[in-house]
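Quick notes on the structure that follows.
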Amino acid sequence: MEKQLQELFCDEVDRKRLVFEDSPQYNKWYAQSEALFPNGDLPAAVFHLLEISNCIAFTHGFRLGLRLKRWAEY
């Protein structure tokens, strides 16, 4: 299931239905993260950490949505 959720996350990003840059908070924190590195490039490990964090948050929200749907049906 984890692989399917990761594929769904990537599909949502690819289809521009999930755009982190639309969030002012995301942009604020991303800019602060970039400012920590003088050359302006995030190290690969930090970039992957952000990507994994986004995927984990998406997965949690998706599962929560499914649980809420089941709860509402009772």
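Using the numbering used here, you'd call the opening residue of the sequence shown number 52 and step up by one each time. Ideal Cβ positions, reconstructed from N, Cα and C, are used throughout, including at glycine. These numbers come from a predicted model, not from an experiment.
Y125 versus L119: straight-line alpha-carbon distance, rounded: Y125 and L119 have their C-alpha atoms some 10 angstroms from each other.
Stretch-stretch touch, CB-based, cutoff 8 angstroms, three pairs: the region 80-98 with the region 59-69: Three or more Cβ pairs closer than 8 angstroms define a contact, and the region 80-98 falls short of that threshold against the region 59-69.
C-beta atoms of L56 and T110 nearer than 7 angstroms: Contact flag set, yes.
Whole-angstrom distance between V97 and N90, CA atom to CA atom: Near 14 angstroms, if we compare the C-alpha coordinates of V97 and N90.
Collapsed DSSP secondary structure at S104 in the structure displayed: Three-state result, S104: helix.
Cβ-heavy atom distance, K120 to the ligand PLP, below 6 angstroms: The ligand content of the structure shown is nil, which means the ligand PLP is not present either.
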